[in-house]
Amino acid sequence: MRRILPQDRRGDEEVGRLSLAFREDYGQNWHVKTKLYAGVAAMLTGLRERGAALAVLSNKPDDFTRICVRRFLGGWRFEVVLGQRSGVPKKPDPAGALEIAGLLDLPPAEILYLGDSDTDMKTARAAGMFPVGAAWGFRTAEELRASGAAELAGRPEELLGFFRDRDGREVNNGDAE
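Heads up: the sequence shown is residues -3 to 173, going by our numbering.
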């Protein structure tokens, strides 16, 4: 909050007042203009059709993360949904990502970690997962690459091209022949 304010309005009292007002408004209206990026629904459907296990890891509070997933991603099955919980370090610490790997019973190296921030790329690297930067999201392709993205997806449907079976073979990506 402090960084977005003019220099002369960055005092603790002003920041506290505006932060409280923001939290109150966001608590009531967080969903009003929120929507999936174009192509995400088709990507999720394609991943499920290919047998991919889906998971969400967020630094937002766990209960709020679950509400968001139900509201915006309720049309798809997610094996694991984890938000920030007491006693679990926030990303980029790999603890949450490694917990997901354990719950999925998969070695971290077999998990493609899609994220749209430097924090996500650092988390994936620290957990030993394959970091793919969602260049359509929060950060630029350059920032994602600099933060450790092994690959970039410029559009959600490009992620399907990274999907491999357990033997490393590319799975049919539904391309017309």
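We treat Cβ as the ideally placed atom computed from N, Cα and C, and that holds for glycine.
Residue interval of the alpha helix (DSSP H) (run including glycine 23): Walking along the sequence shown from the start, residue 23 turns up at place 27. 8 to 25 is the extent of the alpha helix (DSSP H) around glycine 23.
Whole-angstrom distance between proline 127 and arginine 121, CA atom to CA atom: Stepping through the sequence shown from its first residue, residue 121 is reached at position 125. Stepping through the sequence shown from its first residue, residue 127 is reached at position 131. Their backbone Cα atoms lie some 7 Å apart in a straight line.
Alpha-carbon spacing of threonine 136 relative to glycine 12, whole angstroms: As a first step, residue 136 must be located in the sequence shown, where it is residue number 140. As a first step, residue 12 must be located in the sequence shown, where it is residue number 16. Cα to Cα, the separation comes out at about 30 Å.
Mind reading off the beta-carbon distance from arginine 44 to arginine 66? Whole number of angstroms is fine, and I expect it under 8 Å. Counted from its first residue, the sequence shown places residue 44 at position 48. Counted from its first residue, the sequence shown places residue 66 at position 70. Not a contact, Cβ separation roughly 17 Å.
Between the C-alpha atoms of isoleucine 63 and serine 113, what's the straight-line distance to the nearest angstrom? In the sequence shown, residue 63 corresponds to position 67, counting from 1. In the sequence shown, residue 113 corresponds to position 117, counting from 1. Looking at the two C-alpha atoms, the distance is approximately 21 Å.
Can the beta-carbon of alanine 93 be found less than 8 Å from the beta-carbon of threonine 119? In the sequence shown, residue 93 corresponds to position 97, counting from 1. In the sequence shown, residue 119 corresponds to position 123, counting from 1. It is a contact, given that the beta carbons lie within the stated cut-off.
Does arginine -1 come out as helix, strand or coil in the three-state DSSP assignment? The residue labelled residue -1 in the question sits at position 3 within the sequence shown. If DSSP states are grouped into helix, strand and coil, arginine -1 belongs with the helices.
Which residues in the same chain have their Cβ closer than 7 Å to the Cβ of tryptophan 132, if we skip the five residues on either side of it in sequence? Translated into positions along the sequence shown, residue 132 becomes position 136. For tryptophan 132, where only same-chain residues beyond five positions count, the Cβ hits under 7 Å are Tyr33, Gly150, Arg151, Pro152.
How many angstroms separate the CA atom of methionine -3 from the CA atom of alanine 105? For this step, residue -3 is matched to residue 1 along the sequence shown. For this step, residue 105 is matched to residue 109 along the sequence shown. Distance between the alpha carbons of methionine -3 and alanine 105 is about 37 Å.
Any heavy atom of the ligand SAH closer than 7 Å to the Cβ of leucine 99? Of the ligands one can find in the structure shown there are none, so the ligand SAH has no counterpart to examine.
Range of the contiguous beta strand (DSSP E) that encloses alanine 34: Locating residue 34 in the sequence shown gives position 38, counting from the first residue. Neither: alanine 34 is in no beta strand (DSSP E) and is coded neither H nor E.
Taking C-beta to C-beta, are alanine 145 and glycine 129 nearer than 8 Å? Here residue 145 refers to the residue found at position 149 when the sequence shown is read from its first residue. Here residue 129 refers to the residue found at position 133 when the sequence shown is read from its first residue. Yes, the pair counts as a contact, with Cβ atoms nearer than the cut-off.
Quick test of your reading: leucine 78 and aspartate 58, contact by CB under 8 Å. State the CB separation rounded to the nearest angstrom. Counting from one through the sequence shown, the residue named residue 78 turns up at place 82. Counting from one through the sequence shown, the residue named residue 58 turns up at place 62. About 7 Å; that satisfies the 8 Å criterion.
By the 10 Å Cβ neighbour count, where 16 or more other Cβ atoms means buried, how is leucine 155 classified, buried or exposed? The residue you call residue 155 lines up with position 159 of the sequence shown. With 16 or more Cβ atoms within 10 Å of its Cβ, leucine 155 is classed as buried.
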